Amino acid sequence: MPQDLGSGRAKYFIFIFSLLSYMVRTILGAPAGACPDGPKARDKAVPDHIVNNVLPVVCTVMQGPPLSYVAFMAHATSSITAVSVIRFSVLSLVLMLAIFCSPFTTSAREGAPGASIPIFKGQRSLGPQGGAEPTGAEKQGGTWNIDMRDAVSRALEFNPSLGSQEAQGRSSEESRKSARGAFGPRLGMTYSASKQELKSSARTGQPPNLGAYSWGIEVSQPVFQGFRLLANYQKAALQADSDKAALRNAELSMTEQVQTQFLNFLRYDESVRSERDALARLRDQLRITNAFFDVGLRPRLDVLQAEVDVNQAENSLIKAENNRDTSQAQLNTLLGLSVTTPVNYKGQLAHVPFTKSLEQCLEAAYRQRADVYMAAKSVEIAGKNQQAVQSEYYPQVEAYYNITQSGNTLDLQKDGSNGSRTQTWEVGARATWNVFQWGTTYYADKEAGWLVTKMRYEAENLKLNVGYDIKSKLLAVHEAEKRINVAEKAVEQATEAYHVALARYQEQVGTNFDVLDASSKLTTSQASLTGAKADYLTALSQLYVAMGEFQPDLMRR
168 MPQDLGSGRA KYFIFIFSLL SYMVRTILGA PAGACPDGPK ARDKAVPDHI
218 VNNVLPVVCT VMQGPPLSYV AFMAHATSSI TAVSVIRFSV LSLVLMLAIF
268 CSPFTTSARE GAPGASIPIF KGQRSLGPQG GAEPTGAEKQ GGTWNIDMRD
318 AVSRALEFNP SLGSQEAQGR SSEESRKSAR GAFGPRLGMT YSASKQELKS
368 SARTGQPPNL GAYSWGIEVS QPVFQGFRLL ANYQKAALQA DSDKAALRNA
418 ELSMTEQVQT QFLNFLRYDE SVRSERDALA RLRDQLRITN AFFDVGLRPR
468 LDVLQAEVDV NQAENSLIKA ENNRDTSQAQ LNTLLGLSVT TPVNYKGQLA
518 HVPFTKSLEQ CLEAAYRQRA DVYMAAKSVE IAGKNQQAVQ SEYYPQVEAY
568 YNITQSGNTL DLQKDGSNGS RTQTWEVGAR ATWNVFQWGT TYYADKEAGW
618 LVTKMRYEAE NLKLNVGYDI KSKLLAVHEA EKRINVAEKA VEQATEAYHV
668 ALARYQEQVG TNFDVLDASS KLTTSQASLT GAKADYLTAL SQLYVAMGEF
718 QPDLMRR
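Residue numbers (our numbering): 168 to 724.
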């Protein structure tokens, strides 16, 4: 909460009562700085009781200290001319605009010091609806061809889970508009019907039973509510900004889910190819072993060992294909597609270097992360809640104008000799002030103050957690990158070892076990390389999301 809030309230307090004084002075025809003149006021058809009772108060207001404004508000209810009502309404609207355009409102929309400028639009800010390139997915022969960028764009556009968060953001924006409407005048109407039974013992006779009907309309304008209306509007505006940030946070989370699942699909698809290659090698080895056995160069044991390895490879291939198909079904669900929709997901597990330092990642995270922005807004919202509670310390001032008609028929007309019809109107201002409530407002203010402190501690704790989050994910990227280098060398060496073992076996120098063992190690090293590449890109996706950065295509250099 701003440090000079108290002085700002005092200025507005003085300004409001000064403006009310000016309105009454204008209505009664007094020049600036002078007391209204009694005869001149009577010439303007002002009733005598106003000239006798209100004029001394107005003089005190214009010439005395600001504390006498309270005395003025206690006596400023009167009946005046229609022209005065128009003047009063115009000045009230000017006052409303002055409050609405105050520095408090501006600061609420700009955010707290240290928080990023609002960049969240309250609707789908990422993907095709946010100005990104339209999805390039193609459909050929009933099959969709989708790469990672297309998958992310489609998920942001069609996944139903984001619609809920978007609806919440739009709801908060309408709530802000509703709070803004509280600054304007209110129009209300009443209609009542009652039955009166009057009994009298006078000699003039028994009066008939009468029905009474009345209709009234009132226009009221809140003039000063102890900054409650202003605090409520600013709180609604802050909540709208926070919900817009929550939508972007949900979009980034959806991006991470799609990319993680897309990478899992590529991992399983690569595993299927690796298992197929392994199965092909083992079948070739089985064919060679059978040929040697048929000519009596190898024992039956070698054939049985080769057949067992082929069966195990077939079992591993079935598992890999099932994992790939399951991952594809889950990816279809994230993209808003049916699980039966044929989709060809295109991509490869490429190594894309990441060159940012830890300091650069932290700076980007503190500047771009939506949850950090939301935490700053939560502190401000708690401050506005406290300001709304503190409004009970001040008087509540309201201007009004009403007209009431009554009669003894439904259409408010006079009927019968004992009927009646009246019409009255009134314009004025009223002030209420709860001076003492046994500490209700005081302790509510203290409660709201502690909630502000709580939100500040939570915001500081979030910043610490963001630092840890960035550091851990950056370490995961570096770890996977090192694993890729080791796995690439392992694949190269395992491939060479397999070819050597196979050549030795064909030359009757090596054993069948050497070939099977070399083939198994080659399959394992290929799986390690595939896992390292997938883990690297997955950690990279998580790091970008942790920084609050939108990167739909991780494999673009």
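C-beta: ideal position from N, C-alpha, C; glycine also.
What you are looking at is a predicted structure, and each value in this text was computed from that prediction instead of being measured.
Can you list, in chain order, the residues of its chain whose CB lies under 7 Å from that of residue i, leaving out five sequence neighbours each side?
i           : result
residue 487 : 435, 438, 439 and 442
residue 580 : 574 and 588
residue 709 : 423 and 640
residue 448 : 686
residue 494 : 428, 431, 432 and 435
residue 457 : 470
residue 453 : 473, 474 and 477
residue 332 : 413, 414 and 417
residue 655 : 696
residue 682 : 452, 668, 669 and 672
residue 636 : 713
Go ahead and label residue i buried or exposed: buried means 16 or more other beta carbons lie within 10 angstroms of its beta carbon, across all protein chains shown.
i           : result
residue 412 : buried
residue 249 : The predicted model places residue 249 with a pLDDT of 40, which falls under 50 and marks its position as unreliable; any figure quoted below should be read in that light. Exposed.
residue 311 : buried
residue 685 : buried
residue 467 : exposed
residue 675 : exposed
residue 389 : buried
residue 699 : buried
residue 578 : exposed
residue 539 : buried
residue 179 : Bear in mind that the predicted position of residue 179 carries a pLDDT of just 45, short of 50, making it too unreliable to give a figure here.
residue 391 : buried
residue 341 : exposed
residue 642 : exposed
residue 339 : buried
residue 356 : exposed
residue 610 : exposed
residue 499 : buried
residue 632 : exposed
residue 715 : buried
As a quick exercise: from the options, pick the residue whose alpha carbon is nearest that of residue i.
i           : options               : result
residue 330 : 314, 417, 433 and 551 : 417
residue 315 : 490, 501 and 414      : 501
residue 638 : 668, 594, 696 and 532 : 532
residue 623 : 455, 459 and 542      : 542
residue 627 : 520, 608, 545 and 681 : 545
residue 530 : 565, 679, 634 and 599 : 634
residue 408 : 537, 606 and 514      : 537
residue 480 : 309, 446, 692 and 565 : 446
residue 597 : 565, 659, 324 and 484 : 565
residue 324 : 426, 497, 490 and 503 : 503
residue 535 : 318, 711, 602 and 464 : 711
residue 410 : 683, 601, 343 and 360 : 343
residue 677 : 464, 485 and 335      : 464
residue 425 : 506, 351, 337 and 322 : 322
residue 679 : 309, 450, 337 and 379 : 450
residue 692 : 714, 660 and 707      : 660
residue 523 : 455, 707 and 608      : 707
residue 318 : 599, 497, 605 and 606 : 497
Grab me the residues of residue i's own chain with a C-beta within less than 6 Å of its C-beta, minus the 5 sequence neighbours each way, in chain order.
i           : result
residue 570 : 384 and 592
residue 723 : none
residue 720 : 315 and 316
residue 400 : 346 and 347
residue 353 : 387
residue 358 : 382
residue 516 : 433, 700 and 701
residue 133 : What the structure shows of the chain is the stretch from 168 to 724, and residue 133 is not part of that stretch, so it cannot be assessed.
residue 360 : 380
Which same chain residues end up closer than 8 Å to residue i when comparing Cβ atoms and leaving out the 5 residues on each side of it in sequence?
i           : result
residue 553 : 168, 612, 615, 616, 618 and 619
residue 651 : 518, 696, 699, 700 and 703
residue 328 : 417 and 421
residue 326 : 421, 501, 502 and 503
Quick check on the DSSP output: what are the complete beta strand (DSSP E) runs of length 3 or more inside the region 516–582, in order along the chain?
563–574
Stretch pair the region 344–359 + the region 391–409: three plus CB contacts closer than 8 Å:
yes
Do three or more CB pairs link the region 644–662 to the region 691–708 at distances below 8 Å?
yes
Unbroken stretches of the beta strand (DSSP E), 3 residues or longer, contained in the region 306–345:
310–313
Which parts of the region 450–517 are runs of the beta strand (DSSP E), unbroken and 3 residues or longer, counting only runs that do not cross its ends?
510–512
Does the count of Cβ pairs from the region 388–401 and the region 546–562 closer than 8 Å reach three?
They touch, by the three-pair rule.
If we count Cβ pairs, one from each stretch, closer than 8 Å, do we get three or more for the region 546–553 versus the region 603–617?
yes
Should the region 687–700 be called in touch with the region 656–668, which here means at least 3 C-beta pairs below 8 Å?
yes
Sequence ranges, alpha helix (DSSP H) only - wholly within the region 599–681, length at least 4:
607–673
Within the region 367–438, ranges of the beta strand (DSSP E) (whole runs, at least 3 residues)
377–391
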